[in-house]
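What follows is a set of notes on a single structure, which appears directly below.
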Amino acid sequence: MDFEEFNLDRIMNSMEDSSGFILSTVFQKKFSLDVNLKRHEDMKNWLKSKNLDYLVLDGVQKVIDQDNGKVLDYSILYILLFYRNDKLSEQEFQELAQILLKRYDLKTIITKLPNSRDLETWNRDAERKVFRNITSNNMESLIKGFFLGLNKKREKFYFLGIEKENLEKNVFFRKIEKKQHSNDARAIA
2 MDFEEFNLDR IMNSMEDSSG FILSTVFQKK FSLDVNLKRH EDMKNWLKSK NLDYLVLDGV
62 QKVIDQDNGK VLDYSILYIL LFYRNDKLSE QEFQELAQIL LKRYDLKTII TKLPNSRDLE
122 TWNRDAERKV FRNITSNNME SLIKGFFLGL NKKREKFYFL GIEKENLEKN VFFRKIEKKQ
182 HSNDARAIA
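Under the numbering used here, the residue at position 85 of the sequence shown is numbered 86, and the numbers go up by one with no gaps.
This is how it looks when you write it as structure tokens:
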């Protein structure tokens, strides 16, 4: 996988006629890097098999190393899946969210339903909660508020990159490496 710098305009352009989205990751600390990457690739292939549009985002989570107390930046790959009513009904989109939670044993995902003003977190038990009171009648404002809010604070989490568009379909380059940010070590979770 090859990434370019995080760019909100690219997300906005990729949204096209989207009126909702799901943001999720299959990365879990209990799994090795290889297992997490295989799970991520499986999720991408599963979504492709359903002909659904998405972007891969490189997120950074700040974690305190229990051994030395240093703050480490861990890279976590996310998938931003767009809802388009020409591909799925709203009911199918909600069912897809529940399938993702169960198929990949995810704790939560973030959703924006087509006819909702709110971002929500969903869990495996189908419980929904409004996410950080981010609300808007306009999808563009909601997306901007969410991503700019995370990236502005950079306290616990932020997005660093977006997977480059691959002109050769089904070819992926595994080029993930440790990077140095603000004198803190960065590793892939």
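Heads up, the beta-carbon is just placed ideally off N, CA and C, and yes, glycines get one too. Bear in mind that the values here come from a model prediction, so they are computed numbers and not experimental data.
Start and end residues, alpha helix (DSSP H) containing residue i
i	result
Tyr-94	The sequence given here has Phe at residue 94, not Tyr. Here the alpha helix (DSSP H) through Phe-94 covers 91 to 104.
Asn-37	34 to 50
Close Cβ partners of residue i (< 6 Å) along its chain, the five nearest in sequence each way excluded
i	result
Leu-168	Interpretation of Leu-168 is limited by its pLDDT of 48, a score under 50 that renders its predicted location unreliable; the figure taken from the coordinates is listed afterwards. Nothing listed; no residue qualifies.
Asn-138	Arg-118
Gly-21	Tyr-84, Lys-113, Leu-114, Pro-115
Glu-164	Met-2, Phe-4, Val-57
Own chain partners of residue i with C-beta closer than 7 Å, once the 5 adjacent residues on each side are dropped
i	result
Asn-145	It is Lys, not Asn, that sits at residue 145 in the sequence shown. Counting only Cβ-Cβ distances below 7 Å, and skipping sequence neighbours, we find Leu-9.
Leu-82	Phe-22, Ile-23, Leu-48, Leu-53, Tyr-55
Reduced DSSP secondary structure (H/G/I, E/B, other) of residue i
i	result
Phe-4	strand
Arg-11	helix
Gly-146	helix
Lys-165	coil
Asn-69	coil
Asn-152	helix
Glu-121	strand
Lys-179	Any reading at Lys-179 needs caution, since the residue's pLDDT is 31, under 50, leaving its predicted position unreliable; the model's value is listed next. Three-state DSSP puts Lys-179 in coil, outside helix and strand.
Selected residue, minimal CA-CA separation from residue i, among the options
i	options	result
Leu-38	Ser-15, Met-16, Ser-76	Ser-76
Phe-148	Asp-59, Asp-54, Leu-34	Asp-59
Met-140	Lys-108, Phe-4, Glu-17	Glu-17
Asp-106	Leu-151, Asp-126, Arg-133	Asp-126
Tyr-159	Lys-30, Asn-134, Val-64, Lys-103	Val-64
Asp-74	Gln-62, Asp-66, Ile-80	Gln-62
Endpoints, beta strand (DSSP E) assigned at residue i
i	result
Lys-157	Neither: Lys-157 is in no beta strand (DSSP E) and is coded neither H nor E.
Leu-24	21 to 25
Asn-134	129 to 136
Lys-113	109 to 113
Residues of its chain near residue i, where Cβ-Cβ distance is below 8 Å and the 5 sequence neighbours each way are ignored
i	result
Asp-87	Asp-18
Lys-157	Gln-62, Lys-63
The ligand MN heavy atom lying under 7 Å from the CB of residue i
i	result
Ser-142	You won't find the ligand MN in this model; it holds no ligand whatsoever.
C-beta neighbour in chain B for residue i, strict 8 Å
i	result
Asp-54	As a matter of chain content, chain B is missing from the structure shown, which is built from one protein chain.
Exercise. When the Cβ atoms of the stretch 24 to 33 are set against those of the stretch 46 to 55, are three or more pairs found closer than 8 Å?
Worked result: no
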